[in-house]
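In the numbering used here, the protein residues as written are 168 to 468.
Written out as structure tokens, the structure is:
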């Protein structure tokens, strides 16, 4: 008897990726293999943690003057990042990973002000030199990390590949992102769980996700408290301080990358501006503010 669906898990881009593919035509395992290969291809090409990836080479060559050649796919991703940065008033910045080391797990600033200012000199997407011959970072120690964008990009890429193969039912889930094709093979809805604050505990709400993309940015359970105020772990590339915006934002959109864009930008705005931005986009959304209140069409009643 042919199994209704094929499932698999791989570790890629620092996260566990869960894949479910319709197997009623007995092609599930083949499609699963194609999907896994595509995710690993994108990881090998763009992961900041792969020394031979394009991003890895740019980081390793920082400050040497050497250019890393860019192909059309990479240039398209860089244009996407630049658009996010512009929309967020320059607060969305893939060079801020260096700033994370300045803070402890509980959010305390470990670096002195002098050290923080030194790190800030190595931060700034605008410093990336991008020409027809390639890209380079001007200062030794600078780095870029696109993993938060690469994950949804990879999942959308897999979705396109599976649709091209004739797949009508699938789920691709990685870290806090997910994208689906149709419904489940048995006609049930695809459901994803989202953790929400409830008093001193966390609760789980389930969201329906049929033929849509989903992204969650920020984790209210890993927020930091500074000067008696709660903040997310998003850090400003301008002063290295936590951004006083929404601590978590979840969005459902037509693609995972679109959902990622909306959630990422909303989280970099002030709370009210972020929620207004989400309302104007018209996508279903859920936001958790710094007082741990839930807002938006996806918030439980």
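Glycine included, every Cβ here is placed at the ideal spot set by N, Cα and C.
Since the model is a prediction, treat every value here as computed from it, not as a measurement.
Could you pull the DSSP bridge partners for residue i from this structure?
i           : result
residue 172 : 189
residue 341 : 184, 344
residue 362 : 371
residue 213 : Answer is none; residue 213 lacks a bridge partner.
residue 270 : 276
residue 382 : 344, 418
residue 179 : 182
residue 409 : 402
residue 291 : DSSP output for residue 291 lists no bridge partner at all.
Are the Cβ atoms of residue i and residue j separated by less than 8 Å?
i           : j           : result
residue 312 : residue 261 : yes
residue 304 : residue 294 : yes
residue 433 : residue 416 : yes
residue 355 : residue 189 : no
residue 178 : residue 324 : no
residue 476 : residue 344 : The displayed coordinates of the chain run from 168 to 468. Any statement about residue 476 would go beyond what the structure contains.
residue 180 : residue 214 : yes
residue 419 : residue 467 : no
residue 328 : residue 202 : yes
residue 405 : residue 302 : no
residue 347 : residue 377 : yes
residue 424 : residue 320 : yes
residue 191 : residue 352 : yes
residue 251 : residue 431 : yes
residue 380 : residue 426 : yes
residue 316 : residue 391 : no
Using C-beta distances below 6 Å, list every residue in its chain close to residue i, excluding the 5 sequence neighbours before and after it, in chain order.
i           : result
residue 185 : 176, 340
residue 300 : 234
residue 463 : 452, 453, 454
residue 283 : 269, 407
If contacts are defined as beta-carbon pairs under 8 Å, then residue i and residue j qualify, I think. What distance do you get, rounded to the angstrom?
i           : j           : result
residue 229 : residue 307 : 6 Å
residue 374 : residue 459 : Not a contact, Cβ separation roughly 19 Å.
residue 438 : residue 413 : 6 Å
residue 108 : residue 387 : Since the displayed the chain opens at 168 and closes at 468, residue 108 lies outside it and no answer follows.
residue 276 : residue 269 : 6 Å
residue 457 : residue 362 : Not really, about 17 Å apart at Cβ, beyond 8 Å.
residue 342 : residue 318 : 6 Å
For residue i, count neighbouring C-beta atoms within 10 Å of its own C-beta (all shown protein chains included) and say buried if the count is 16 or more, exposed if not.
i           : result
residue 198 : buried
residue 223 : buried
residue 279 : exposed
residue 263 : buried
residue 168 : Because residue 168 sits at a pLDDT of 46, beneath the cut-off of 50, its placement in the model cannot be relied upon, and the following sentence gives the value as read from the coordinates. Exposed.
residue 453 : buried
residue 358 : exposed
residue 436 : buried
residue 428 : buried
residue 183 : exposed
residue 281 : exposed
residue 231 : exposed
residue 389 : exposed
residue 382 : buried
Go through its chain and collect everything with a Cβ distance to residue i's Cβ below 7 Å, but skip five positions before and after it.
i           : result
residue 297 : 245
residue 393 : 274, 409
residue 360 : 371, 373
Which same chain residues end up closer than 8 Å to residue i when comparing Cβ atoms and leaving out the 5 residues on each side of it in sequence?
i           : result
residue 217 : 210, 211, 223
residue 195 : 170, 172, 173, 188, 189
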